[in-house]
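Quick note on my numbering: the sequence shown kicks off at 1416 and runs consecutively.
We put the CB at the ideal spot given by N, CA and C, even for glycine.
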Amino acid sequence: MGDVLGELALAVWRGVGRVLAPGLSIVLERRTRRGKEDPARRHERLGRPRLPRPDGPLVWVHAASVGETNSVLALIERLTAAGFAVLLTTGTVTSARIAAERLPAGAFHQYVPLDVAPFLDRFLDHWRPGLALFVESEIWPTTIDRVSRRAVPLVLVNARMSEGSFARWRRLDGLPRALFGRFTAALAQAPADGERLAALGVGAVAVTGNLKFDGAPLGHDPQALAALRRAIGERRTWLAASTHPGEEAVAIEAHRAARAHMPDLLTVIAPRHPERGDALRADFAELGLVVASRSRGEMPGPRTDVYLADTIGEMGLVYRLAPIAFVGGSISPRGGQNPIEPARLDVAVLHGPSTHNFAEIYRDLDARGGATAIADAESLAREVVALSDDGPRRAASIRAARDVVEASVGALDRTIAALAPHLERARDTGRHG
């Protein structure tokens, strides 16, 4: 009965999409006005291609946004080096810009079509992938259904399934097995992820590890870094990185408390969504703080309280400005952002209590002293002061984090090995199709 209900739910979802399809252009227009869509490429969201399909075998990689894109860049490089054309799709303007800067030769970017059957059919008719790789937890019912109907192998790579998401899926009678059963395989980040995905219906599950450990450190512009370091001088500096709404207020409260001990303190804030920069600048100015905004080309001066790093694709630069970073999404209940990026750049990591997006990584970092948990502005200020004053403790935390990251390398090789039979089939399809 559950399987019947699941198939019925998928059919209803597909039907709703078809009914809504004519009005989705209006939705895209509104999103464009808010900066959420690229006006020159909006047709891609309707499945209309911007580029011709290259000859030969093609692998489709779908990643949600910036973090997922960064995590699979090394995998994409391996695929192109092996002779595959790689189509990367994402759903955000920010990730498209990252793709334009960092994709290797042989790979190219398109926006993912909306989860509506006619758009997806148009997309698949044009690109004819021999293999589809969805990254982490990208579950779109109609997309998965249309791919599986064409007998294209569909693999969830770097897959994760949090305990909370698992519980929500389990409440949907029949739908999880109907949906997850369409995946050819799932390559999980950790054993717990693999167990949950198998329980939801994925038939073939392997634990290959987290690809984020295998990526190169985030890049940066050396000249920009040198200029910023000259502007900051000897001032003690800390970073609130990838912050979500509400966390900037915590960072400012911590800044004020910490400045009682370190009058020269500079706080760098890099919001997760840089388009919030102007609103944050206005909020900080209302509090009487002196703010310099990177998006406006400003540099921090001797009197600057907050340097607002509100630009896209510069986290590698920003993490290199400060020896201490609070990693956001962890005081707000978002599950935490990626701590591997600062750990690879020799930054002491602080985080709040919400870390379920990277539960295993934070567990290992905390256990080894490679990261420190804080609860609020008061404890955040206390740790910023302590790590700033205690160089040996800060260095020990950085070393421990580096050891955790280095011990976890190898997911890329394991992922390629697990994908080998699917890649061989995709190569044959591209050769004869």
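Tell me whether the beta-carbon of residue i lies closer than 8 Å to the beta-carbon of residue j.
i	j	result
V1550	A1522	no
S1769	I1755	no
A1724	A1685	yes
A1574	L1612	yes
A1774	A1816	no
A1792	E1701	no
G1609	R1592	no
F1534	G1438	no
P1390	S1710	Lying outside 1416 to 1848, the shown extent of the chain, residue 1390 is not represented and no answer is given.
P1632	L1760	yes
If you draw a straight line from the alpha carbon of residue i to that of residue j, how long is it in whole angstroms?
i	j	result
G1368	N1625	Any answer about residue 1368 is impossible in this case: the structure gives the chain only from 1416 up to 1848.
R1674	G1432	54 Å
D1470	R1842	11 Å
T1683	L1654	Note on identity: in this sequence residue 1683 is Val, with Thr being the wrong assignment. Each residue's alpha carbon lies about 5 Å from the other.
A1605	V1622	6 Å
H1635	E1839	36 Å
A1642	S1803	22 Å
L1587	P1637	50 Å
I1831	L1490	8 Å
S1577	H1771	7 Å
F1628	L1571	18 Å
N1753	F1741	11 Å
A1707	H1676	22 Å
S1580	L1590	14 Å
L1423	A1810	57 Å
Between residue i and chain C, is any beta-carbon pair separated by less than 8 Å?
i	result
V1508	Chain labels in this structure do not include chain C; a single protein chain is all it has.
Specify, as a first and last residue, the run of the beta strand (DSSP E) that residue i falls within.
i	result
Q1525	A1522 to Y1526
H1854	A question about residue 1854 goes unanswered here, because the residues of the chain that appear run from 1416 up to 1848.
V1476	L1473 to H1477
L1654	T1652 to T1658
A1707	V1706 to S1708
P1686	L1681 to P1686
A1763	A1763 to H1766
L1502	A1500 to T1505
I1739	I1739 to V1742
L1379	Since the first residue shown for the chain is 1416 and the last is 1848, residue 1379 is missing from the structure and cannot be characterised.
By alpha-carbon positions, which one of the options ends up nearest to residue i?
i	options	result
G1482	L1439, S1577, L1529 and T1509	T1509
D1560	A1786, A1763, L1827 and A1426	A1426
V1820	L1571, G1630, G1596 and A1515	G1630
E1662	I1789, L1760, V1617 and R1446	I1789
R1808	P1544, A1833, V1762 and L1838	V1762
E1729	E1452, I1513 and R1565	I1513
I1727	D1698, R1460 and R1687	R1687
E1798	S1580, A1666 and I1491	A1666
H1670	S1577, R1778, A1697 and T1652	T1652
A1664	P1568, G1450 and A1697	A1697
Q1860	A1707, V1476 and T1558	No answer is possible for residue 1860: the residues shown for the chain start at 1416 and end at 1848.
A1478	G1506, R1468, A1497 and A1455	G1506
V1474	V1562, E1459 and R1457	V1562
F1595	S1552, R1565, A1607 and G1579	S1552
P1467	R1543, S1486 and A1532	R1543
R1537	T1558, A1614, L1827 and D1805	T1558
V1487	T1844, D1828 and H1837	D1828
E1459	F1581, H1541 and T1599	H1541
Should residue i be listed as close to the ligand HEM, given that the test is whether its C-beta is under 7 Å from any heavy atom?
i	result
T1558	The model depicted lacks the ligand HEM and carries no ligand whatsoever.
Could you give the residue range of the alpha helix (DSSP H) that holds residue i?
i	result
F1699	G1692 to E1701
L1439	L1439 to R1448
L1640	P1637 to I1647
Can you list the alpha helix (DSSP H) stretches of 4 or more residues lying completely in the stretch 1537-1619, in chain order?
-> 1556-1564, 1578-1585, 1590-1595 and 1606-1615
Could I get the ranges of all uninterrupted beta strand (DSSP E) runs contained in the stretch 1781-1843, with 3 residues as the minimum, in chain order?
-> 1786-1788
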